[in-house]
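Since the structure comes first, as structure tokens, the remarks are kept for the end.
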Ligand code: HEM
Ligand code: FES
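See the structure below:
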């Protein structure tokens, strides 16, 4: 380029502006067109609707546990013994990979309610096994204590406490 | 050498779409090094296995139902009721294993003879892309029968993405289409399991295109110098490959007819149960080395990164290997390291199938560390310090120098 045309100003040409504007708009349009194709893979309305589960606690004896299904996932409902509760409370938080006091994980100490999915890669841990008297995940060897907190193994976090409330003394609603 | 069709119809087509000429060039006259060993047969065997998987897969899809309530029974229906259904399903299930056996040998061949070195880096990359797509396809296929291993394999593998910081959980929910592996997951896996093999076909075409651009490597690693060094693909290698195929099909049939479940897991004949994980879950054998690497790290994100890293480093091989000599035949130290590496991969496969406890954890860690030490440290260093053996001047010289004199006299 040797001659300077009237459109040119500080080396920026009208054409450059048009390229960027057209390209930018094209990119936005393409992204908008792709979005439905991505979004369709997220949970659909009916899957989102199945969001609460009610559990009758009567009949779950001290020391035993039932598994209920909430949002397609297993939830452990554990009726803890005095000893379980003591073991869970009597822990130095500094020893825990994911420190959390037992009191923050229960509404009533005798009822421990948590999603029965190992926070490593999603297997269902087995109760009454492992080194801490709680749960043990056989998939890659994670040990959980009587509060469902991770103590040893590859899992990074404690077993998740789902949102739940006591409807009355013997009934809870999860979700 | 150009292609001059005699048949007027072929000529008419050729003038408008030179496809016959292209095939003629690729499968007939393609000048091939004259010294290729049977290690070069695995490429065409992989191609055959891809076709076997597609053909058996398409007919299985005619009888299979991708729904959580019916998938398991539809596979049993294929096994018991559909004419030859048992044969087709066993061909497909064992075919996947055969495909991986062939491709693993093909990859090790490339590593031994330095086939990834310039000018074949892209060829190597395309091969690794095929390998990744195969893994994705086989993983999703294994979910389709909806047995216990299907379900828990799908759960564990999709959860790997949960290790990604911040967005991990949203990605996993997006992959599942729900809050656990469920019907939406099964449906999309079926759709993708049908699609990906055809994507593989596309990449295979690019792979062969790249191959034919610079020609095949060969056991000496020395490039073709003149006409004396090469022979046309047909009939020499078509026949050699067909013979290899015949032997391979005997091997395939032995599994297919006498041990069709040998490489599977009994747990996958139990219908999926989202509330109970089998005591010992393991992936299919072809994923075991990577699974062992995943478990060697006592940290979720670390394990996932290292597992993907194990494949990522293979992409860098052409630049990590500092030696200009391709073939391990002329690299005394690399040759030994190569075999140690093979043993290490076998050890990883073995460990991956064992529970993560006691000595298995220790050995898994040692084997994992060695895998990366070989590729990231030993390979570059050996290339710099090793003193290679003298290379033959040409393929012909190498071939002739090895022939016993008596045979040469008989041929004269
Ligand atoms: C790269 C090629 C392919 C590989 C590696 C592959 C691998 C697999 C594997 C490992 C299974 C599970 C087998 C079992 O344990 O039952 C499977 C199942 C299945 N595949 Fe494929 N597949 C391929 C191509 C295809 C294609 C092109 C289709 C066409 C739709 C297909 C349709 C199916 C169906 C319907 C099933 C479920 C029935 C069954 O479990 O046997 N596959 N595949
Ligand atoms: S899924 Fe529980 S330890 Fe890996």
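Chains as they are written, first to last, in this note's numbering: chain B, 22 to 196; chain R, -2 to 409.
Note that the Cβ used here is the ideal one computed from N, Cα and C, for glycine as well.
Treat the numbers as computed from the prediction; the structure is a model and nothing was measured.
Under a criterion of Cβ atoms nearer than 7 Å, the residues of chain B adjacent to residue 171(R) are, in order, 62 and 63.
Excluding residues up to 5 positions away in sequence, 61, 63, 68, 72, 147, 183, 186, 187 and 190 lie with their Cβ nearer than 8 Å to the Cβ of residue 141(R) in the same chain. Within 10 angstroms of the beta-carbon of residue 316(R) lie fewer than 16 other beta-carbons, which makes it exposed.
Here the distance from the Cβ of residue 50(R) to the nearest heavy atom of the ligand HEM is below 7 Å. Taken residue by residue, none of the stretch 193 to 220 of chain R has a beta-carbon sitting less than 8 Å from a beta-carbon on chain B. By the Cβ neighbour-count rule, residue 249(R) is buried, with 16 or more other Cβ atoms within 10 Å of its own. Distances from the CB of residue 198(R) to the heavy atoms of the ligand HEM are all 7 Å or more.
Taking each of 184(B), 162(B), 103(B) and 115(B) in turn and checking the Cα distance to residue 355(R), the smallest one comes out for 162(B). In summary, residue 111(R) is buried, with 16 or more beta-carbon neighbours lying within 10 Å of its beta-carbon over all protein chains present. If you look at residue 38(B), you'll find it in the alpha helix (DSSP H) that goes 35 to 60. For residue 100(B), the uninterrupted beta strand (DSSP E) run begins and ends at 94 to 100, by DSSP. Among the bridge pairs identified by DSSP, residue 163(B) is matched with 158(B). Look at residue 108(B) here: in three-state DSSP terms it is helix. Closest by C-alpha distance to residue 266(R), out of 284(R), 139(R) and 362(R), is 139(R).
Contact with chain B is found for residue 179(R), since one of that chain's Cβ atoms lies less than 8 Å from the residue's Cβ.
Judged by pairs of C-beta atoms under 8 Å, the stretch 201 to 219 of chain R does not touch the stretch 86 to 95 of chain R, as fewer than three such pairs exist.
Bridge pairing for residue 187(B): 193(B) [DSSP].
Interface annotation, residue 387(R): not in contact with chain B, CB-CB separation never under 8 Å.
Excluding the 5 residues flanking it on each side, residue 24(R) has same chain C-beta neighbours closer than 8 Å at 230, 231 and 235, in chain order.
Between the alpha carbons of residue 97(B) and residue 177(R) lies a gap of roughly 16 Å.
Between residue 134(R) and residue 89(R) a beta carbon distance of about 12 Å is seen, past the 8 Å cut, so the two are scored as non-contacting. Looking at the DSSP output, residue 341(R) shares a beta bridge with no other residue. Under the Cβ criterion of 8 Å, residue 176(R) is counted among the residues facing chain B. The beta carbon of residue 163(B) sits closer than 7 Å to at least one heavy atom of the ligand FES. Secondary structure at residue 304(R): helix, using DSSP grouped into helix, strand and coil. Cβ-Cβ distances below 6 Å link residue 75(R) to 60, 82 and 86 in the same chain, with the five nearest sequence neighbours on each side left out; the list follows chain order. Chain B has no Cβ within less than 8 Å of the Cβ of residue 293(R). A distance below 7 Å between beta-carbons, with the five flanking residues on each side excluded, links residue 348(R) to the following residues of its chain, in chain order: 289, 357, 360, 361 and 364. For residue 237(R), the enclosing alpha helix (DSSP H) begins and ends at 230 to 250. According to the DSSP assignment, residue 278(R) belongs to no beta strand (DSSP E), since it is labelled neither H nor E. A straight line joining the alpha-carbon of residue 368(R) with that of residue 275(R) spans about 30 Å. At least one CB atom of chain B sits nearer than 8 Å to the CB of residue 273(R).
Within the model, the alpha-carbon separation for residue 167(B) versus residue 154(B) is close to 6 Å. Membership of residue 75(B) in the beta strand (DSSP E) is indicated by the continuous run 74 to 77. Distance from the CA atom of residue 156(B) to the CA atom of residue 175(R), rounded to whole angstroms, is 26 Å. Here DSSP, grouped into helix, strand and coil, assigns residue 86(B) to strand.
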